[in-house]
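Participant: Each protein sequence line maps, in turn, to chains A and B. Note that my numbering has the first sequence beginning at 121, numbered continuously upward. Note that my numbering has the second sequence beginning at 43, numbered continuously upward. Glycine included, C-beta positions come from ideal geometry on N, C-alpha and C. Just passing along the structure, written as structure tokens.
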Amino acid sequence: MLKADSRDPAAWPRLLLTLLAIALLWPGVQLSELNLGVLLPDSQNEMGRFVAQFWPPAHDQAFLQLLLKATLQTLAIATAGMALALLLAIPAGLLASRALSLSAASHGGVPSRLGRLLRWPVRGLLIFLRSVPEIVWALLFVRAVGLGPAAGVLAIAITYSGMLGKVYAEIFESTDQRPAHALLQAGSGRLAAFAYGTLPNVASELLSYTVYRWECAIRASVVMGFVGAGGLGQQIDLSIRMFAGGEVASILLCFLVLVLAADQLSRLLRWRLT
Amino acid sequence: MILSLKQGGLRHVNGVDALRGVDLQIGVGEQVAIIGPSGAGKSSLLNLLATALRPSSGEIQVLGERAWHLSARQRQRLRARIGLVHQAPPLPPRQRVITAVLAGKLGQWSLGKSLLNLLHPLDVAGARAALARLDLGEKLFAHCQQLSGGQLQRVGIARVLYQAPEILLADEPVSAMDPVMAGHTLSILSRHAREHNVTLVASLHAVDLALSHFPRIIGLRDGQILFDSPADQVSPEMLDALYANEKLQSPTAAVAPLTVQIPRC
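In structure tokens, the structure reads:
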């Protein structure tokens with residue numbers, strides 16, 4: 121009786137699948153030379169001693185001033201990069217999508233063949249801009265314009281304009297086209313029809329994606345700091361090299377606060393728009 | 043003739059023939075109702091007349107211009123003089139009613155003025171007046187998503203009244219309203235048309251409304267004009283022929299005297 125009650129026909133297949141997953145995972149762990157033992161703080165190794173220094177986070181006056189300056193620099197790199205990216209992404213997104221197509225309005229949403237042909241070069245440009253990772257651009261620009269935040273700004277501007285333009289174009293097309301088409305059919309200009317017919321529908325999505333990308337730009341600018349593009353990244357690189365665990369902890373806390381702030385900003389803006 | 047369609051045909055993107063060989067002449071200041079069963083092509087015909095859709099065959103002339111021989115810029119200027127009321131007005135849900143109404147004049151405004159109007163409404167009085175005629179003045183600053191279907195239809199009509207076009211086309215403009223409101227709204231439209239010498243063409247599925255408000259009736263069936271006659275000459279036999287539906291008749295109807303239901307609102 122007891123046996124019949126506790127018997128589950130799915131038990132054996134589940135057990136076998138679990139064993140199979142472990143059997144497949146094990147060679148992967150071996151190949152990547154992963155050894156979790158190095159993470160344990162009590163073992164006598166570099167990592168353990170380094171992590172032990174994380175507490176307390178560094179908070180002396182001079183370092184905090186340095187940290188504040190680096191944080192502001194990171195924010196400035198991300199914001200300036202995004203602003204430059206938007207300058208290119210908004211027109212490119214409009215050109216790459218069907219949102220401004222006058223012919224689509226009177227052909228059941230299908231743009232003319234010429235219009236479709238003309239959209240391809242813009243799409244190609246956007247693909248080119250985002251195909252190279254920002255860290256590679258940053259390395260190139262550090263060579264070209266020298267060490268400093270300017271390289272980071274340019275790298276973010278180039279890569280993010282490609283990403284933003286592509287996603288903007290998709291957002292413009294994913295919404296109801298009828299309001300804009302009705303306006304075009306009533307004689308309105310293309311941009312006015314877009315502003316009155318499409319923009320109200322997509323504004324909150326555009327905004328939250330842009331703020332999310334800004335958050336990503338903050339992280340990217342940190343990464344680019346490692347190759348000499350200034351900001352928090354450069355600071356954390358120096359601190360790691362000097363084995364200053366407390367400083368690393370302070371900088372990591374700083375990241376956390378930045379991402380949290382970006383998240384709250386996005387929530388606030390979305391709430392305001394809906 | 044302010045509107046003239048010669049042998050007009052329309053084939054949709056999916057290959058369906060919506061209109062076949064339609065000949066239509068409408069003079070300045072005329073008031074015409076288009077009636078017919080669902081799927082007869084009433085909306086397609088109005089979209090052709092509004093130059094919103096390009097006819098697949100035939101020739102259309104609006105306000106003395108051959109619309110599809112013009113450049114895109116000239117056609118947009120022509121379209122600004124034609125107003126089309128949509129059955130379900132395509133308005134963004136989060137747009138305010140005042141913006142939706144003021145959008146009627148986008149074809150006449152410059153881009154700068156249009157964008158400025160988006161930041162701050164430039165003609166509150168004009169929008170309020172258009173809405174007040176439809177008894178919707180208190181909804182001026184409401185969002186479109188807060189309105190019912192019938193109220194949205196009235197916002198769509200207010201937009202076209204604000205546009206003040208020379209030709210006013212309406213695609214089932216009162217389909218979501220109660221009978222009293224529907225009659226009232228139609229009389230507002232026809233009074234506006236009379237006072238401003240505007241040509242009015244409306245499609246309706248309520249035959250009694252069409253007969254009581256419009257002097258000229260066009261019966262459309264299967265993408266062709268079945269009759270085009272003054273309202274007082276439309277006979278019940280003509281309406282029976284227009285709305286006859288073989289598929290919907292029950293088998294017993296063949297034995298019983300043929301009575302055809304004329305849809306009313």
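Cβ of GLN67/B within 7 Å of Cβ of PHE256/B?
Facilitator: Contact flag unset, no.
Participant: Taking 7 Å as the CB-CB cut-off, is LEU222/A touching chain B?
Facilitator: For LEU222/A, the answer is yes, since a Cβ of chain B falls inside 7 Å of its Cβ.
Participant: Rounded to whole angstroms, what is the Cα-Cα separation between PRO211/A and GLY81/B?
Facilitator: Approximately 40 Å, taken between the alpha carbons.
Participant: Since ALA94/B meets chain A, which of its residues come closer than 9 Å, beta carbon to beta carbon?
Facilitator: Within chain A, the residues near ALA94/B are ALA225, SER226, HIS301, ALA302, LEU304, GLN305, ALA306.
Participant: Is it right to say THR138/A is buried, meaning 16 or more other beta carbons lie within 10 angstroms of its own, or is it exposed?
Facilitator: Label assigned to THR138/A: exposed.
Participant: Whole-angstrom Cβ separation of GLY225/B and LEU242/B, contact assumed at under 8 Å?
Facilitator: Not a contact, Cβ separation roughly 15 Å.
Participant: Per DSSP, what are the beta-bridge partners of SER99/B in this structure?
Facilitator: Its beta-bridge partners are GLY51/B.
Participant: Does any residue of chain A have a CB that is nearer than 7 Å to the CB of ARG62/B?
Facilitator: So, not an interface residue.
Participant: Please classify GLY57/B: does DSSP put it in a helix, a strand, or coil?
Facilitator: Here GLY57/B sits in coil by DSSP.
Participant: Using the Cα positions of ARG387/A and MET344/A, report the straight-line distance between them to the nearest angstrom.
Facilitator: Each residue's alpha carbon lies about 27 Å from the other.
Participant: Taking 7 Å as the threshold (beta carbon to beta carbon), is PRO269/A in contact with chain B?
Facilitator: So, not an interface residue.
Participant: In the DSSP assignment, find the unbroken beta strand (DSSP E) run with VAL127/B in it and report its ends.
Facilitator: Per DSSP, VAL127/B belongs to the beta strand (DSSP E) from 124-127.
Participant: Given ALA169/B, which residues of its chain have a CB within under 6 Å of its CB, disregarding the five upstream and five downstream residues?
Facilitator: So the list reads ILE140, VAL143, LEU144, once near-sequence residues are dropped.
Participant: On a CA-only basis, which of LEU91/B, GLN118/B, SER271/B is nearest LEU47/B? Give me that one, please.
Facilitator: Comparing Cα-Cα distances from LEU47/B to each of LEU91/B, GLN118/B, SER271/B, the minimum goes to LEU91/B.
Participant: Is THR227/B helix, strand or coil by DSSP?
Facilitator: DSSP places THR227/B in helix when its eight states are reduced to three.
Participant: One question on the structure: do SER324/A and LEU393/A come within less than 7 Å of each other, judged by their Cβ atoms?
Facilitator: Yes, Cβ-Cβ distance for SER324/A and LEU393/A is below 7 Å.
Participant: For GLN266/B, name the three-state secondary structure that DSSP assigns.
Facilitator: If DSSP states are grouped into helix, strand and coil, GLN266/B belongs with the strands.
Participant: Thinking just about the alpha-carbon of each residue, which of ILE199/B, ARG123/B, GLN187/B is nearest to the one in ASP177/B?
Facilitator: The shortest C-alpha separation from ASP177/B is found at ILE199/B.
Participant: Distance check for LEU327/A and LEU144/A, CA to CA, integer angstroms please.
Facilitator: So the two alpha carbons sit approximately 42 Å from each other.
Participant: Specify whether the region 213-230 of chain B and the region 106-121 of chain B touch according to this definition: at least 3 beta carbon pairs, one from each stretch, less than 8 Å apart.
Facilitator: Because the criterion of three Cβ pairs below 8 Å is not met, the region 213-230 of chain B and the region 106-121 of chain B do not touch.
Participant: As an exercise, report each continuous alpha helix (DSSP H) stretch of at least 4 residues that is fully enclosed by the region 242-271 of chain A, in chain order.
Facilitator: You should have 254-265.
Participant: List the residues of chain B whose Cβ lies closer than 9 Å to the Cβ of GLY213/A, in chain order.
Facilitator: Simply none; closest approach about 18 Å.
Participant: Shortest alpha-carbon distance to ALA275/A belongs to which of ILE338/A, ARG218/A, THR330/A?
Facilitator: Among ILE338/A, ARG218/A, THR330/A, the Cα nearest to that of ALA275/A is on ILE338/A.
Participant: Considering only residues of the region 156-199 of chain B, which uninterrupted alpha helix (DSSP H) runs meet the minimum length of 4 residues and lie entirely inside it, listed in chain order?
Facilitator: Whole alpha helix (DSSP H) segments, 4+ residues: 166-175.
Participant: With DSSP run on the structure shown, which of helix, strand or coil describes GLN150/B?
Facilitator: Three-state result, GLN150/B: coil.
Participant: Can you tell me where the alpha helix (DSSP H) holding SER324/A begins and where it ends?
Facilitator: Start and end: 319-345.
Participant: Find the nearest neighbour of SER232/A within the set LEU220/A, ILE356/A, VAL242/A, judged by alpha-carbon distance.
Facilitator: Checked all of LEU220/A, ILE356/A, VAL242/A; the closest Cα to SER232/A is LEU220/A.
Participant: Helix, strand or coil for ILE76/B per DSSP?
Facilitator: Of the three classes helix, strand and coil, the one that applies to ILE76/B here is strand, per DSSP.
Participant: Can you find the residues in the same chain that come closer than 6 Å, C-beta to C-beta, to GLY282/A, ignoring five residues on each side of it along the sequence?
Facilitator: Cβ within range, chain order: LEU246, LEU249, ARG250.
Participant: Three or more C-beta pairs closer than 8 Å, one from the region 91-102 of chain B and one from the region 257-277 of chain A: is that the case here?
Facilitator: Too few Cβ pairs lie closer than 8 Å, so no.
Participant: What are the complete beta strand (DSSP E) segments, minimum 3 residues, inside the region 199-224 of chain B?
Facilitator: Listed in chain order, the complete beta strand (DSSP E) runs (minimum 3 residues) inside the region 199-224 of chain B are 209-213.
Participant: Measure the CB-CB distance between GLY146/B and GLN205/B and report whether it falls below 7 Å.
Facilitator: Result yes, Cβ atoms of GLY146/B and GLN205/B sit closer than 7 Å.
Participant: If the cut is a Cβ gap below 9 Å, which residues of chain A does ALA114/B touch?
Facilitator: Correct list: LEU222, SER223.
Participant: I'd like the span of the beta strand (DSSP E) that includes ALA244/B, first residue to last.
Facilitator: Here the beta strand (DSSP E) through ALA244/B covers 241-245.
Participant: Work out the CA separation of ILE209/B and ASN239/B for me, nearest whole Å.
Facilitator: So the alpha carbons of these two residues sit roughly 9 Å apart.
Participant: Secondary structure at ILE260/B, three-state DSSP: helix, strand or coil?
Facilitator: The answer is strand: DSSP assigns ILE260/B an E or B state.
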